[in-house]
Structure formats: C-alpha cells, structure tokens
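To start, the structure under review is shown below, and the notes come after it.
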Amino acid sequence: MNLSREYINIYNQYLKSINDTKKEIKTIKVIQKITIKRKEKATEEEILALEKENINIEELPNSKKASNKIYNFSNGDVYIGKIIDGKMNGKGIYTFIEGIEYIGEFKDDMKDGNGMITFNNGNTYTGAFKCDKMNGIGQMIYNGGNEYIGNWENSKRNGMGIYKWNDECIYVGEFKNNKMDGNGSCYDSTGRLIYKGDWKNNLAHGQGTYIWEEGKRYEGEFVHGKRHGQGTFYLDNELVYEGTWKFDKPSIFNRTLDEIFSFII
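So for the sequence shown, numbering that gives the first Met the number 0 puts the first residue at 0; every next one is plus one.
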C-alpha cells in the first residue's frame, strides 16, 4: 500500500497556504529594500519614545498611512516597518541581535498574521502567527533537513500534520505537544505504508497494523512501540498466529516462545 492520495492532497493544500505566505514575504522584502535605499531612518527621539515605558502616544504617528522607517534600537535590534499608535503594526521586518529574523505581519508589537521566522539554529518557520506564537497552518524546515507542515498551536505541533524526515520517511497524522499522538500512518522512503494506527508520545501505542512487506503483517495491540497484548500475525496473507504477544513476540502462558523453548532445552 503506497502513500495515500488523500494525504498527498492534504500536503498540497497545506503547501498552497505556505506559498501564499511566501508571496507576501517577497512583497515585504521589496518594501525593506526601498526603505533602506531611501535611508528613511527613525529619529533618536522616536526610538527613545518607543523604548520608554511611558510612551507619549500623541507625539508618535497615529495614522494607518504612517511611513515605513528603520528603527535601530539601543539593544541592537532593528525593525523596518510602520509604527501606529506607538506600536509595531502592519507588515515589517524585525531582526534580533541574536540572529533571529521575523518577516511578516505585526499587531500591537506582536507577530500576528502571516510571516516567516528564521531562528539562530537554522530552523525556518513559514506560516500563521497569533499573539506572538506560531498558530494555524505552518511549515517548519529544520536545520537537519527534516520538515513539518500542518497545524500549530502555541508554537507547538498540534492537530493534523505531516512530518518528513531527511531520509524521505513520512508520518501523516495527529500531533499533540510536538509529538506524534493520536491516529496516524508512517511510510518508508519509497512511499510504502509501514504502520497505521494509534500513536502516543511518538510511539505506536493502542490498536494498529505493522507491515513488513506485501502479505506479511501484524494487526493488534501495541504498547510503547512494541507488539504487546492481543494480536494476529499474517504471512503471505495467511493467518499464522492469533493470540497474546509480549514485547514483540508471541506469548503463551505469559511467556514468549523463546522463553518456553529455553525451558524445554
């Protein structure tokens, strides 16, 4: 059984959302270049007013037509965009002195809307933000080549998503608190289904089916990644064993066959 068409459609749907965000980011980068070329820098008074705890809003741009400016803050951070009502609002770019860069939409000094953030460890996230956190549909490209695309909640992988390792193996299913948790399927680098069923804490846990090759499979219970509990083993699509399993092996009287044979010998 190869990679499901349904999951390919889900991936393409997610990717369309990401590509739309990338188009917005390109537009913001153009604005950045124009602003830098024109040397439209904020005055020291404007920056000082923003950095103070008590901001005099009346002295700052209050119109949605406020111009884009370069704000070089005293801590080394740089913001290129608009200040409305004394806060970063609209589309802009914020570069932290630590090497983190965010390009996208702001609302009241927070990342909010669509954008892209590049972390100082090399990871890059593109997608939706809400209240300064990754929320909604997004794609994370990890510095080692792995990729996750799908739902995020409070900057964690939560809900339906697709995780692809750099060796081309793929997991498609539910996530909870950054981990594979719920119902999902795992495919090898050729797109062949390996496991389908329940997951918990990144391991097969609950009811599932593990497939070695065509006609050779296990259907039944899993505990912490092991075939454990009631299960059935098929070879050449013929029933070979049905009963209790213990840590990946058939079990009789609560002992694996290897344990039984050792007593006999």
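Where is the CB? At the ideal position from N, CA and C, for every residue including glycine.
Inset, instruction - Classify N236 as helix, strand or coil using the three-state DSSP reduction. - result: coil
Inset, instruction - Could you pull out every residue in the same chain whose Cβ sits closer than 7 angstroms to the Cβ of I56, ignoring the five residues on either side in sequence? - result: At I56, the pLDDT of 48 sits below 50, so the modelled position is not reliable; the number obtained from the coordinates is stated separately. Taken in chain order, the residues that qualify are D84 and G85.
Legend entry - Burial state of F232 (16 or more Cβ within 10 Å): buried
Inset, instruction - Pick out whichever of I169, G160 and K132 has its Cα sitting closest to the Cα of S154. - result: Cα-wise, what sits closest to S154 is K132.
Legend entry - Close beta carbons around I116, own chain, < 6 angstroms, minus the five adjacent residues each side: Cβ neighbours of I116 within its own chain (closer than 6 angstroms, five residues either side excluded): Y101 and Y124.
Inset, instruction - Could you check the C-alpha separation between H204 and N176 for me, to the nearest Å? - result: Each residue's alpha carbon lies about 16 angstroms from the other.
Inset, instruction - Please determine if the stretch 2–18 and the stretch 85–99 are in contact, where contact requires at least 3 C-beta pairs separated by less than 8 angstroms. - result: no
Inset, instruction - Verify whether the separation of the beta carbon atoms of K90 and D111 is less than 8 angstroms. - result: no
Inset, instruction - Check whether the Cβ of G135 sits closer than 7 angstroms to any heavy atom of the ligand GTP, and report yes or no. - result: Questions concerning the ligand GTP fall outside what the structure shown contains, since it holds no ligand whatsoever.
Legend entry - As assigned by DSSP and simplified to three states, the class of R37: Reduced to three states, the DSSP call for R37 is coil.
Inset, instruction - Using three-state DSSP, classify A127 as helix, strand or coil. - result: strand
Legend entry - Residue burial classification, K15 (beta-carbon count within 10 angstroms, cutoff 16): exposed
Legend entry - Cβ-based neighbour list, N53, same chain, cut-off 8 angstroms, excluding 5 preceding and 5 following: Confidence in N53 is poor, its pLDDT being 49 and thus under 50, which makes the residue's placement too unreliable to answer from.
Inset, instruction - Would you kindly report the start and end of the unbroken beta strand (DSSP E) that includes A203? - result: L202 to E212
Legend entry - Reduced DSSP category for S16 - H, G, I as helix; E, B as strand; rest coil: helix
Inset, instruction - Report all residues from its chain with a CB closer than 6 angstroms to the CB of G214; omit the five preceding and five following residues, and keep chain order. - result: Within the same chain, D235 and N236 come within 6 angstroms of G214 by CB-CB distance, once the 5 residues on both sides are set aside.
Inset, instruction - Report yes if the CB atom of I17 is closer than 8 angstroms to the CB atom of I148, and no otherwise. - result: yes
Inset, instruction - Compute the Euclidean distance between the alpha carbons of I169 and I210, then round it to the nearest angstrom. - result: 15 angstroms
Legend entry - Length of the line joining the Cα atoms of K248 and R226: 7 angstroms
Inset, instruction - Write down the C-beta distance between A48 and I69 rounded to the nearest angstrom, noting that I regard them as a contact closer than 8 angstroms. - result: In this structure, A48 and I69 do not form a Cβ contact; the two beta carbons are roughly 16 angstroms apart against a cut-off of 8 angstroms.
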